[in-house]
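Asker: The numbering of the sequence shown is this note's numbering, which starts it at 85 and goes up by one.
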Amino acid sequence: MTSISQALALYDTAARIDRLRIELRALPPAPTIPHISTVSALTHTLAEITIDVNEHFNGDLHSLEAKKAVEAYSGALAPAGEAMMEIGRMQAEIAFFNFTTHPLHRDSPPGLKRCRQQANEIITGSCDAADALLESAADVLREAATRLAPPPARLQAAERARSPHVSAGEQTHTAPANPPPPAATATAPRTAKSR
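Right, here's the structure in full:
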């Protein structure tokens, strides 16, 4: 793979992680307990990303670009793995609440409310931790992609980041550094009357 191909692959993986973070943030807030199948889908998505990242370790690692990309993927795997653990903790807490706690306290509203609050604290804490860890993993990949991209692509990426609404073919017009002097008035003031 060329350096631009490696950079694009890194950017693509970072974007997939960002989409997962959006899904994570879309989970219903407390006091609602998220549905276990929704959290299970997050686990599945992160597992797929991790498997795809792992495939890069089995490719041709002779080029310097490939080695740098593998270093980036390795750096992203640690926070991604910790995020998987946090999402797994959420899933375990939801399962325990739904299948053990709720049936036990169904006839005791105060006890159920207390247990729900405890479950919500664990779920919210794990969700926030997973979000931060996934952000760290995506940042590692994006930074490596920026370093791997050839200079023209780096400049174009920076331009797009600064002005996302301007397409690559459009030119931006900036104001001149020194504004033109004010236009001269049509008639100069008279200092003396002609006789």
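Note that CB positions come from ideal geometry on N, CA and C, so glycine has one too.
A quick note: this is a predicted structure, and the numbers were derived from the prediction, not measured.
So, for residue 133: in the same chain, excluding its five sequence neighbours on each side, which residues have a beta-carbon less than 8 Å away from its beta-carbon?
Answerer: Closer than 8 Å at the Cβ level, and outside the excluded window around residue 133, lie 97, 100, 101, 104, 164.
Asker: State the Cα-Cα distance for the pair residue 185 and residue 91, rounded to the nearest angstrom.
Answerer: Near 48 Å, if we compare the C-alpha coordinates of residue 91 and residue 185.
Asker: Is the stretch 224-233 close to the stretch 153-161, with three or more CB pairs under 8 Å?
Answerer: The stretch 224-233, when compared against the stretch 153-161, does touch it at the 8 Å Cβ threshold.
Asker: Less than 8 Å between C-beta atoms, sequence neighbours within five positions excluded: which residues of the same chain meet that for residue 180?
Answerer: Around residue 180: 203.
Asker: Measuring straight from C-alpha to C-alpha, what distance separates residue 216 and residue 209?
Answerer: Roughly 11 Å separates the two Cα atoms.
Asker: For residue 228, name the three-state secondary structure that DSSP assigns.
Answerer: Residue 228: helix per DSSP, three-state reduction.
Asker: How is the alpha helix (DSSP H) around residue 180 delimited, first residue to last?
Answerer: Where residue 180 is concerned, the enclosing alpha helix (DSSP H) stretches over 148-180.
Asker: Go through its chain and collect everything with a Cβ distance to residue 168's Cβ below 6 Å, but skip five positions before and after it.
Answerer: Same-chain partners within the cutoff: 130.
Asker: Please classify residue 177 as buried or exposed, where buried requires at least 16 other C-beta atoms within 10 Å of its C-beta.
Answerer: The residue is buried, with at least 16 neighbouring Cβ atoms inside 10 Å.
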